[in-house]
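See structure below.
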Amino acid sequence: MKMEKLTPQQVKETLAQNVTAKIKELTRGIEVDYTLDYEVGDIITVESAESWSNDGLFTVENIKEYPYSFNINNEAPCHVLDYSDDEICHMLGATDCEHEKEVIIAKGTKFRVTDVSTDDDFAEMGFYKVELEYIEED
């Protein structure tokens with residue numbers, strides 16, 4: 007299957023299978039209409055390839071009531087996007103993103119929740135923080 011005939015999500019899924027690095031301290035921001043009920047010890051399995059950032063700017067594209075910041079504290083396998091590759095950027099629908107540092111985490115990757123912000127933290131910081139630990143595959 008040729009990559010140029012794939013949807014942006016299919017391109018992301020394909021790229022995610024090509025692990026190019028293991029990086030510590032990856033982050034992902036999301037915003038949702040409801041609070042998430044994660045607890046320490048919960049296992050999160052990535053349902054589809056996801057964009058994360060490796061210490062760079064990454065813009066959340068949908069503004070909702072409850073912002074969350076997910077942080078992976080240990081090394082996690084990922085595909086580092088090369089924004090100098092115009093063809094890949096076009097296939098992903100990525101524009102004006104040269105300042106971003108983006109990596110893709112593959113579907114099926116598992117994380118353990120190690121810490122979750124409280125409602126008081128949210129009131130003070132303006133977002134919920136969820137700390138994660140990558141779980142190695144057996």
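In the working numbering, the protein residues as written are 7 to 144.
Just so it is clear, CB atoms sit at the ideal spot from N, CA and C, and this is done for glycine as well.
This one's a predicted model, so the numbers in the text were calculated from it and none came from an experiment.
#1: In terms of alpha-carbon separation, which member of Glu139, Ile36, Glu143 and Val25 lies closest to Tyr72?
#2: Distance check for Thr124 and Cys84, CA to CA, integer angstroms please.
#3: Could you give the DSSP three-state label for Ala129: helix, strand or coil?
#4: Just to confirm, is the Cβ distance from Phe76 to Arg118 under 8 angstroms?
#5: Can you tell which of Leu138, Ala27 and Asn60 has its C-alpha closest to the C-alpha of Lys116?
#6: Can you say whether Leu42 is buried or exposed, counting buried as having 16 or more other CB atoms within 10 angstroms of its CB?
#7: Buried or exposed: which applies to Ile110, given that a residue is buried once 16 or more other Cβ atoms fall within 10 Å of its Cβ?
#8: Output the distance between the C-alpha atoms of Gln15 and Ala55, rounded to the nearest integer angstrom.
#9: Quick check: what's the CA-CA separation for Gly114 versus Trp58?
#10: Under three-state DSSP, which class holds Leu32?
#11: Please check if any C-beta of chain C sits within less than 8 angstroms of the C-beta of Thr124.
#12: So the candidates are Lys70, Leu12, Glu81 and Leu32; which of them puts its Cα closest to the Cα of Glu143?
#13: Would you decide whether Ala112 is buried or exposed? Buried here means 16 or more other CB atoms lie within 10 Å of its CB.
Let me lay it out:
#1: Position 66 of the sequence shown holds residue 72. Nearest of Glu139, Ile36, Glu143 and Val25 to Tyr72, Cα basis: Ile36.
#2: Translated into the one-based positions of the sequence shown, residue 84 becomes position 78. Translated into the one-based positions of the sequence shown, residue 124 becomes position 118. Taking the straight line joining both Cα atoms gives about 29 angstroms.
#3: As a working mapping, residue 129 is identified with position 123 in the sequence shown. Of the three classes helix, strand and coil, the one that applies to Ala129 here is helix, per DSSP.
#4: Counting from one through the sequence shown, the residue named residue 76 turns up at place 70. Counting from one through the sequence shown, the residue named residue 118 turns up at place 112. Taking 8 angstroms as the Cβ cut-off, Phe76 and Arg118 do not qualify as a contacting pair.
#5: As a first step, residue 116 must be located in the sequence shown, where it is residue number 110. When only C-alpha atoms are compared, the closest one is Leu138.
#6: Taking the first residue of the sequence shown as position 1, residue 42 is located at position 36. Classification of Leu42: exposed, given that the 10 Å Cβ count is below 16.
#7: Stepping through the sequence shown from its first residue, residue 110 is reached at position 104. It is buried - the Cβ of Ile110 has at least 16 other Cβ atoms within 10 Å.
#8: Against the sequence shown, residue 15 aligns to sequence position 9. Against the sequence shown, residue 55 aligns to sequence position 49. So the alpha carbons of these two residues sit roughly 8 angstroms apart.
#9: The count along the sequence shown starts at 1 and reaches residue 114 at position 108. The count along the sequence shown starts at 1 and reaches residue 58 at position 52. Going by the C-alpha atoms only, they are around 15 angstroms apart.
#10: Translated into the one-based positions of the sequence shown, residue 32 becomes position 26. Leu32 falls in the strand class under three-state DSSP.
#11: The chain labelled as chain C is not found in the depicted structure, where only one protein chain is given.
#12: Here residue 143 refers to the residue found at position 137 when the sequence shown is read from its first residue. Comparing Cα positions, the closest option is Glu81.
#13: Within the sequence shown, numbered from 1, the residue matching residue 112 stands at position 106. Flag for Ala112 reads buried.
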